[in-house]
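Have a look at the structure below before the remarks.
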Ligand SMILES: [Fe+2]
């Protein structure tokens, strides 16, 4: 193999994520959170997702108090606009809806009092915790959601250092029926060595129901393209069963 082929191989997309089919976590509505900055960036990212094998995408902007004070109606309107413009720009990956990534924060209790969650597949609510400290009362709020009939998916559990893996806290969440979604880029060390180790450990324990890309911009897209050449990741996708393709 020539150097050129080596180079090309490393940077060409391989459709390894076709086994998942649907990406259910990304930030590709322009200018509504810390994700895509403009339509062109969204279009590029959507095409990148397709190039690594996804055939469907559900977009999940942040709902976070007070940083991203998004309102469900606005997000639905912005999503419809993106859908139209991206289609016009030739995007052919199926845009299968909009949901939210809801931060369990000081404003979350209010959401429970007047629930209008944008759900994934009309059933699941994607939630995230703060990355550096645990929110008091989060278990109770999750329990309340479950009592209201929502299936709760915790976004990237491998990214919360205070939860650990072996710790009782993580086991408690699983026992409470919380579904886990790991970021695929964690498997390549995108967020550091510790989240990577935790991600593999959770997979090994059979704790992971969903994989998401959490794509925010083309840097993530390029990282996905690079990761799509990783044999170890390909094996993981084949070894475990995920619910992405049921969406
Ligand atoms: Fe996210």
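Numbering (the numbering used here), first residue to last: 4 to 250. All residues carry an ideal CB built from backbone N, CA and C; glycine is no exception. Keep in mind the model is a prediction, meaning the values are calculated, not measured.
Item, Value
"Cβ-heavy atom distance, residue 83 to ligand 1, below 8 Å", "no"
"Cβ neighbour criterion (16 or more within 10 Å) applied to residue 83", "exposed"
"Buried or exposed by the 16-neighbour rule on C-beta atoms within 10 Å, applied to residue 116", "exposed"
"Near ligand 1: residue 131 beta-carbon under 8 Å from a heavy atom", "yes"
"Whole beta strand (DSSP E) elements within the stretch 125-179, 3-residue minimum", "127-131 and 154-158"
"Residue 166 versus residue 99 - alpha carbon distance", "32 Å"
"Under the three-state DSSP convention, the category residue 97 falls into", "strand"
"Environment of residue 106 [buried if 16+ CB atoms lie within 10 Å]", "buried"
"Same chain only: Cβ atoms within 6 Å of residue 36, ignoring 5 sequence neighbours per side", "30, 64, 65 and 71"
"Through-space distance from residue 150 to residue 218, alpha-carbon basis", "31 Å"
"Distance cut-off 8 Å: residue 26 Cβ against heavy atoms of ligand 1", "no"
"Three-state secondary structure (DSSP) of residue 104", "strand"
"Inter-residue CB distance, residue 81 and residue 32 (contact presumed, cutoff 8 Å)", "5 Å"
"4-residue-minimum alpha helix (DSSP H) runs that sit fully inside the stretch 179-210, ordered along the chain", "196-207"
"Close-in-space but distant-in-sequence residues of the same chain around residue 94 (CB under 7 Å, 5 per side omitted)", "46, 49 and 50"
"Alpha carbon of residue 206 to alpha carbon of residue 140, nearest angstrom", "27 Å"
"Status (buried if at least 16 other CB within 10 Å, exposed otherwise) for residue 244", "exposed"
"Cβ neighbours of residue 18 in the same chain (closer than 8 Å, five flanking residues each side left out)", "54, 55, 56 and 231"
"C-alpha gap between residue 188 and residue 228, whole angstroms", "10 Å"
"Residue 182 vs residue 213 beta-carbon contact at 9 Å", "yes"
"Where the alpha helix (DSSP H) containing residue 224 begins and where it ends", "221-230"
"Sequence-distant residues of its chain with Cβ nearer than 7 Å to residue 202 (five each side left out)", "161, 185, 189 and 190"
"Coil, strand or helix - residue 41 by DSSP", "coil"
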